[in-house]
Structure formats: structure tokens, C-alpha cells
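Residue numbers (the numbering used here): 26 to 357.
Take a look at the structure set out below.
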């Protein structure tokens, strides 16, 4: 199967998954406590006024009619109107999405930069202090709740040592790009330093578990590859140990690591809720929490759908990249 046919097949499967998510998200509104009309109306409102508002929202329509109206607008970017602000949900979600993507990508960069060298060091120094240290780090990283880690980083590095800010995102990468496009290189550099200063603690908090996971995966993969026949043959031919380790063994080790990185990137996009809440990071996670507190179902539904679409797209990209890196993998 060619790459194009493979991508078409994966895209069709992804559409089916997205449709399933949309259906589940739509159904959650009807099995969850609370009436959307209560968001807009006081408890002692006149029954006639209440009935009028319910009719305007379309909540008195049959279930299949509400489902069709909800689904039919999604392909055109229509996610409905917020019950609280009466503004388009799509605009609110799109405004928050860059902050979440920045945080997820920054956490991934932190994890990859630390985990892969640490995993390789642990595998090549097996049963030595470096290996034991990496193992302890991995166990602590996997076991530490990110909300607790975020609070501790704020207390120590932000409050006591005053090295980093405690919250907020004064500028994003989109704002930095606009400064560069406007020829304001100096302001763009200062903006990037500010962005980096504010995102460091949230990225470390979100990426710690990911770092520990990739470290363990890289270590086990390297140990497996270093024991393979082709490695022994390469050493017998007199190839330098550095070439054997980093060109051959590490390349084959990175094949499953790439898959996990891609899948975890999708997970980080959806799992940044707690980290964003701890650091008041203005992304999708904060929007989801606020919409839950306000019973703003359209905003919650739109946010979950966007997260699901991002996760599916990342999975498709990972599958294609996996097959490209490892030609032995068939496009099936």
C-alpha cells in the first residue's frame, strides 16, 4: 500500500473516531445534572419566560433534531454559541488553542532533550551510578503528581527564590511572530525571553512524567538493540563504538520512541488542564474548567471536540512518520 492510500485510510478511520467523540460529547449533556437554561435564568423566573428561552435554545426539539443541528455545523467550524457570553464557541476555542499547543510542545521539547540522552547514558552505563540515578529519576518522575509538582515549583522557584513568575502568559509565539513580521527584532527577542521565562515552570510540570517515561523507554530500547547480532557484527568489523551506538543502535531505538512521543503529545494537549489551572495558563484547559463551573455546555463540547481532532491528527502523523523512519513497516 502506498503512502497516499495509507494516509487516506488513516484519515477515514480518524473521521470515524471524531464522529464517535462528537456523539459521546453530545450525549454527555443529557446525562449530566443541571439544566442549560439555569445558566441564563434566575431560579424564580416566570415559567413562560423559561419556556421561551428553552425554545430559543432549541432544547425542546426532539433529540435527533438537536443532534443533527449540532453535528451539521461542525464541518463548517460552527460549534454553537456560548450560553454565558453568547459569542461563537469556535472563536473562543481558537483564541485559547495557541497557548495549549505552546505548552504541550514546550513540555515535549523538555522531555526529549532530557530523556533521550539520559536514557542512552543509563543504557551504556548499566549497573553504574549514572544508571541508578536515571532509574531513580524515572521512578520519581512517574510517581509525582503534576499538580503537586507545579505547586512545589511555584513555592520554591517563584515565591522563595523569585526566579520565575507564578502564572500568566503575557505574550505568545504568535505575538512574537507578529513583532518579527513588523521588523521589530529587538522587541521580538525580548518577547521570546519573556515567553520562555513564563513557560518554563508549566513546561517542566507537564513534561516531568513524559520525561520519565521516555527515559525508561529509551534505556530499555538501547539495551535491547545493543544486544542484537548486528551490533556485535559492527563491533567485530572494527567500527567505532560511538558510530555503533548512536548511528545504528540509537536510530533503531528511536522508532518506538517516536511513536510514544507523538501519542503523548496528543495526550499532553488534552491533559494540560491541571497544569494550566495551577499556573493560570490561558489555554484550553482553563477554558474547559471555566465552562464546567459555569455549566456552559457549548464551550465545553467545542473544546473537547478540538482536543479530539488534535489527538487524531497527531496519531495519523505519527503513523506516517513511523513508517517513514522504519521502511520495514508496511502501510497496512
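Yeah, the Cβ is synthetic: ideal placement off N, Cα and C, and Gly gets one too.
On a predicted model such as this, the values are computed, not experimentally measured, just so you know.
Is the CB-CB distance between residue i and residue j below 8 angstroms?
i, j, result
"residue 239", "residue 167", "no"
"residue 309", "residue 332", "yes"
"residue 47", "residue 90", "no"
"residue 341", "residue 32", "yes"
"residue 304", "residue 175", "yes"
"residue 160", "residue 270", "no"
"residue 172", "residue 299", "yes"
"residue 35", "residue 344", "yes"
"residue 104", "residue 112", "no"
"residue 121", "residue 275", "no"
"residue 213", "residue 204", "yes"
"residue 128", "residue 261", "no"
My guess is that residue i and residue j are in contact by the Cβ rule of under 8 angstroms, so how many angstroms apart are they, rounded?
i, j, result
"residue 196", "residue 219", "6 angstroms"
"residue 194", "residue 306", "6 angstroms"
"residue 294", "residue 50", "In fact, because the Cβ distance is near 16 angstroms, the residues do not count as touching under 8 angstroms."
"residue 132", "residue 232", "3 angstroms"
"residue 347", "residue 284", "5 angstroms"
"residue 319", "residue 109", "5 angstroms"
"residue 94", "residue 83", "6 angstroms"
"residue 188", "residue 182", "5 angstroms"
Take residue i and list the residues in its own chain whose beta-carbon comes closer than 7 angstroms to its own, dropping the five residues that flank it on each side.
i, result
"residue 135", "228, 229, 232 and 236"
"residue 362", "Here the chain covers residues 26 to 357 and nothing more, so residue 362 does not appear."
"residue 163", "237, 240 and 241"
"residue 124", "194, 197, 306, 307 and 308"
"residue 43", "333, 334 and 337"
Going along the chain, which residues of its own chain have a beta-carbon closer than 6 angstroms to the beta-carbon of residue i, five neighbours each way excluded?
i, result
"residue 141", "243"
"residue 190", "223"
Measuring CB atoms only, is the region 313-327 touching the region 114-128, in the sense that at least three cross pairs come out at less than 8 angstroms?
Flag = yes, the region 313-327 and the region 114-128 touch.
List in chain order: all unbroken alpha helix (DSSP H) runs of 4+ residues lying wholly within the region 45-116.
62-65, 72-82 and 88-98
Which residue spans inside the region 219-296 form an unbroken alpha helix (DSSP H) run of at least 4?
254-261 and 275-296
Is it the case that the region 143-151 contacts the region 247-260, given that we only count it when at least three CB pairs across the two stretches are under 8 angstroms?
Between the region 247-260 and the region 143-151, the count of C-beta pairs closer than 8 angstroms reaches three or more; the two stretches touch.
Sequence ranges, beta strand (DSSP E) only - wholly within the region 298-337, length at least 3:
none
Return the chain-ordered ranges of every alpha helix (DSSP H) run that is complete within the region 138-210 and spans a minimum of 4 residues.
154-168, 171-178 and 198-206
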